[in-house]
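The structure appears right after this line, and notes come after that.
In the working numbering, the protein residues as written are 14 to 237.
Encoded structure:
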């Protein structure tokens with residue numbers, strides 16, 4: 014089997030999924046009902062959503078595309094209507110399904126699936142093309158989107174759990190993505206975690222942050 018070099022995107026996804034797996038494996042049934050930053054979702058609901066994302070990743074990595082790519086790691090998020098749920102239908106659906114799982118089984122399935130994603134991703138070349146959400150992306154661009162979503166939801170997950178947040182590698186991809194969507198770099202003294210929370214609308218900008226963003230403050234959230 015050919016061992017391809019580990020890209021920045023794969024390394025970040027490996028860290029993001031490993032850290033999430035470590036956290037959820039340390040939780041118990043009571044923890045699974047604690048709130049998250051995602052409106053209407055408790056921990057088990059968010060974990061089910063993350064599992065669905067990992068399952069989508071497996072399908073994408075096993076779905077080669079002819080190309081050319083029509084999205085990259087930044088533009089993937091521009092048409093993000095699939096993240097909007099004005100009728101809260103997804104919230105209700107996820108709560109119903111998540112409630113039917115035993116938490117131990119949900120955790121085990123998430124850990125196994127994310128390990129499989131990282132393993133399969135490690136066998137792909139960075140420039141191979143795959144399809145997901147109706148778009149064609151380079152493999153590394155797909156992995157970047159997965160790491161970004163995992164890191165942002167990691168922040169959502171631990172808000173009431175007293176567990177560590179995401180590490181620097183996936184947060185760096187969140188910063189790169191947000192600044193790509195914004196069109197310029199934010200001040201360097203904004204931490205990656207603060208910018209992740211701010212740029213995704215999880216926290217409101219302070220006065221100095223709003224002044225630094227200027228008219229662009231009205232565009233937040235840049236992704237959800």
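Even for Gly, the Cβ is constructed at its ideal location relative to N, Cα and C.
Sub-8 Å separation of residue 48 and residue 55 beta-carbons | Position 35 of the chain shown holds residue 48. Position 42 of the chain shown holds residue 55. For residue 48 and residue 55, yes; Cβs fall inside 8 Å.
Tell me whether residue 232 is buried or exposed, calling it buried when 16 or more other Cβ atoms sit within 10 Å of its Cβ.
-> What you label residue 232 is simply residue 219 of the chain shown in a count that begins at 1. Under this definition residue 232 is an exposed residue.
Report whether the distance from the Cβ of residue 217 to the nearest heavy atom of the ligand GDP is below 7 Å.
-> Ligands in the displayed structure: none, and consequently the ligand GDP is not present.
Three-state secondary structure (DSSP) at residue 144?
-> Taking the first residue of the chain shown as 1, we reach residue 144 at position 131. Strand at residue 144.
Other residues of its chain near residue 176: CB distance less than 7 Å, five sequence neighbours each side excluded | Taking the first residue of the chain shown as 1, we reach residue 176 at position 163. By the criterion of a C-beta distance shorter than 7 Å, residue 176 is surrounded in its chain by 36, once the five residues flanking it on both sides are discounted.
Over the uninterrupted alpha helix (DSSP H) stretch that includes residue 30, give me the two end residues.
-> Position 17 of the chain shown, counted from the start, is the residue given in the question as residue 30. For residue 30, the enclosing alpha helix (DSSP H) begins and ends at 21-38.
Distance between beta carbons of residue 123 and residue 64, contact taken as under 8 Å | Translated into positions along the chain shown, residue 64 becomes position 51. Translated into positions along the chain shown, residue 123 becomes position 110. About 5 Å; that satisfies the 8 Å criterion.
In whole angstroms, what separates the C-alpha of residue 1 from that of residue 159?
-> With the chain covering only 14 through 237, there is no way to say anything about residue 1.
Identify the continuous alpha helix (DSSP H) that holds residue 180 and give its terminal residues.
-> Locating residue 180 in the chain shown gives position 167, where the first residue counts as 1. Neither: residue 180 is in no alpha helix (DSSP H) and is coded neither H nor E.
Please confirm if the region 191-198 is in contact with the region 141-154, defined as three or more CB-CB distances below 8 Å between the two stretches.
-> No, the region 191-198 is not in contact with the region 141-154.
Residue 210 to residue 165 span [Cα, whole Å] = Stepping through the chain shown from its first residue, residue 210 is reached at position 197. Stepping through the chain shown from its first residue, residue 165 is reached at position 152. Using only the alpha carbons, I get a separation of about 8 Å.
Close Cβ partners of residue 181 (< 8 Å) along its chain, the five nearest in sequence each way excluded | In the chain shown, counting from the first residue as 1, residue 181 sits at position 168. Cβ-Cβ distances below 8 Å link residue 181 to 205 in the same chain, with the five nearest sequence neighbours on each side left out; the list follows chain order.
How would you label residue 179, buried or exposed, when you count the other beta carbons within 10 angstroms and need 16 or more for buried?
-> Position 166 of the chain shown, counting from 1, holds the residue named residue 179. That one is buried.
For my contact list, residue 223 and residue 230 are in at a C-beta cut-off of 8 Å; report their separation, rounded to the angstrom.
-> Here residue 223 is taken as the residue at index 210 of the chain shown, counted from 1. Here residue 230 is taken as the residue at index 217 of the chain shown, counted from 1. Between residue 230 and residue 223 the Cβ distance is about 5 Å, and since that is below 8 Å, they are a contact.
Check whether the Cβ atoms of residue 34 and residue 106 sit closer than 8 Å, and answer yes or no.
-> For this step, residue 34 is matched to residue 21 along the chain shown. For this step, residue 106 is matched to residue 93 along the chain shown. Here residue 34 is not near residue 106, since their CB atoms are 8 Å or more apart.
From the DSSP output, in three-state form, read off residue 216 for me.
-> For this step, residue 216 is matched to residue 203 along the chain shown. In the structure shown, the three-state DSSP call for residue 216 is coil.
Check residue 170 in the structure and name its three-state DSSP category.
-> Along the chain shown, one-based indexing puts residue 170 at 157. Helix, per DSSP.
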